[in-house]
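Quick notes on the structure that follows.
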Amino acid sequence: MSTQDFADLTLFITGPTYIRPEIREAGQLPEFGHRDAENVKRFGPIMSGLREIAGCAADYHVILFNGSGSNAMEATVRSLVADGECVLNVSVGAFGDLYHKMAVQNGKKAAQLKFAPGEAIDLARLEAALNEHKPACVTFTHNETSTGVMNDMKAVCALVRKHGALPLVDGVSIFGGAALDLSASGAATYATSTQKSLALPAGFGILFVSDEAVEKAKKVQNRGFTTDIIGQLGRAQKNQTLTTPNTTLANQMAVQVDYIINTEGIQNRFARHIVMRDLTHAFVRSLPGFELLAPEGHRSPTVTAVRVPAGMTMARLKNVKEAMRAKGYLFDPGYGKLNTDLEEAGQRVLIRLGHMGDVTPDMVSAYLEALRPELLK
Ligand SMILES: Cc1ncc(COP(=O)(O)O)c(C=O)c1O
C-alpha cells in the first residue's frame, strides 16, 4: 500500500466535510492521558465552547460519546424511554427513520409519524399523532440531511411539550452552521456530531441534556453502559469521556472550537452558511429543469437537495461523481436508498449539495461552476 494513492479530494458531500489545513496540523499535537490533568486542558474549553455555540449555559449538560451522532441519539432512546411508555418518532426522511429504528431495536414501544420526502413536519398532523399515541418522548430531526429540509424546531418542541412529552432532537447536520438558541428551544436533549458543520473528523457524538432529562433518566431501567446518560454524566461533569477518547480528535476539536469562537466568530460562521446556502439556491435556479426540493421556509442552511430533470438517472449521476472526482471534488449523487425508491417509482431523483463546515463561499462557487457543465452534459 502507498499513502500516495490516497486522493486529497475536497468534500462537498453532507458529512464528513472538508478539514482546514490548521485542523489537519492539530492532529499532530501530543497524545495525552484521559484521566490526567492534560485532559481538562482540551475538554474544559471544548465543553464550555460547545455550550456557547449552542446558545445555552449551565441549563444543559454536555456529554461527548465515543462514536458519532448515532451513539448520542441511541443513548437518548435508551435512557429516556421507560418500559411501557411510548416514544413517537417523527420522520421527514432517512434520519428520522433512523431514530425510529433505534427505538424499535432497543425494544421500546415505538410509533412513527412519517412525512413524504421534501415535506417538513406539519403541526396539525403531529398534534393528531400526539393525541393518538400519548407518547412520553418524541424524537425528530432538526435538519434532515437526506432531503435538505429544516424543521421549525421551536414550534415542534412547543407542541410536544403542550402534550406533556419530552422532545429529543437530532441536530447532527446543522449544529455549528446555524443559530440554535438551545436555551429557548424547548429541547430536552439535542444530539449532534463532529464531522458535519463543526468541520472535524468523525469520532464524538455530542449530546446536550437538560436537567429534566437527567431526572427522567434516573427513573428508567436498563439504560445500558455507554448508552446510559447518567453514567456518562458522571464523567462529563469532570470534563471527561466515559470511555477512552480519540485524543487526536480531542486536540483538533480544542483548536477548532477556539477558532470558531475567537477567530471566525460564532455569528460570522452562521452568516457564512446563509451566504453559501443562497449561492447554492441561485446556482440551482440557473439550471434548466433543476428544482429545489425543500419548501420555502424550510430550506436548510447546510445542505440543499435538488430534483434533477426527468430522465437524468442514478447511473448518469454516478458519471457526474466520477467527473467531479477527476476535478478534485467529492460530489454527492443523492441519498442512495431514497433515490432508488424514487427511480423505481418513476420519479425524478435527487442530488445533494453540501455547504457546511469550513468551506468558504469562494470554494462553494468554484465547486458549483466546476459542477455546472457536468450536470448540463
Ligand atoms: C440528520 C442526521 N442524523 C443522524 C446521522 C447519523 O450520525 P452519525 O453518522 O454521526 O452517527 C446523520 C449522519 O449523516 C445525519 O445527517
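Here the sequence shown is numbered in the working numbering, starting from -3 and rising by one per residue.
Glycine included, every Cβ here is placed at the ideal spot set by N, Cα and C.
Small disclaimer: the values here were computed from a predicted structure and weren't measured.
Put simply, of Ala174, Leu119 and Ala120 the residue whose alpha carbon is nearest the alpha carbon of Thr298 is Ala174. For the options Leu364, Arg281 and Ala187, the alpha carbon positioned closest to that of Ala71 is the one of Ala187. The count of Cβ pairs closer than 8 Å, one atom from the region 76 to 86 and one from the region 109 to 129, reaches three, so the stretches are in contact.
Just measuring C-alpha positions, the residue of Arg273, Gly307 and Met308 sitting nearest Gly293 is Arg273.
The region 130 to 137 makes contact with the region 57 to 77; the number of CB pairs closer than 8 Å reaches 3 or more.
Judged by DSSP secondary structure, Ala232 falls within the alpha helix (DSSP H) whose first and last residues are Ile225 to Ala232. The three-state secondary structure of Val253, taken from DSSP, is helix. Within the chosen limit of 6 Å, ligand 1 does not reach the beta carbon of Val152 with any heavy atom.
Judged by DSSP in its simplified three-state form, Ser44 adopts helix. Per the Cβ contact rule, the region 57 to 64 is in contact with the region 196 to 205 (3 or more Cβ pairs under 8 Å). Following the DSSP letters along the chain, one finds Ala322 inside the alpha helix (DSSP H) bounded by residues Met310 to Ala322. In this structure, the beta-carbon distance from Thr13 to Met249 does not fall below 7 Å. Burial check for Lys314: the Cβ neighbour count within 10 Å stays below 16, so the residue is exposed.
DSSP places Cys133 outside any alpha helix (DSSP H); the residue lies instead in the beta strand (DSSP E), whose first and last residues are Cys133 to Thr137. A distance of 7 Å or more separates the beta carbons of Val280 and Leu289. Relative to ligand 1, Gly353 has its C-beta separated by 6 Å or more from all heavy atoms. Using a cutoff of 6 Å, the CB of Ser66 counts as near ligand 1, since one of the ligand's heavy atoms is closer than that. Residue pairing by DSSP puts Leu288 in a beta bridge opposite Val302. Here the distance from the Cβ of Val88 to the nearest heavy atom of ligand 1 is not below 6 Å. Cβ neighbours of Gly285 within its own chain (closer than 7 Å, five residues either side excluded): Pro305. Look at Gly293 here: in three-state DSSP terms it is coil, with no helix or strand label. Per DSSP, the beta-bridge partners of Arg348 are Ala301 and Asp328. The region 160 to 230 is shown to contain whole alpha helix (DSSP H) runs of 4 or more residues at 207 to 214, in chain order.
As a beta-bridge residue in DSSP terms, Met146 pairs with Asn139. Here Gly182 is near Arg157, since their CB atoms are less than 7 Å apart.
Judged by DSSP in its simplified three-state form, Ala116 adopts coil rather than helix or strand.
Remark: the C-beta of Asp148 is outside contact range of ligand 1, defined as less than 6 Å to any heavy atom. Around the Cβ of Asp55, a 10 Å sphere holds fewer than 16 other Cβ atoms; the residue is exposed. Burial check for Phe171: the Cβ neighbour count within 10 Å reaches 16 or more, so the residue is buried.
For Ala106, the enclosing beta strand (DSSP E) covers residues Lys105 to Lys110.
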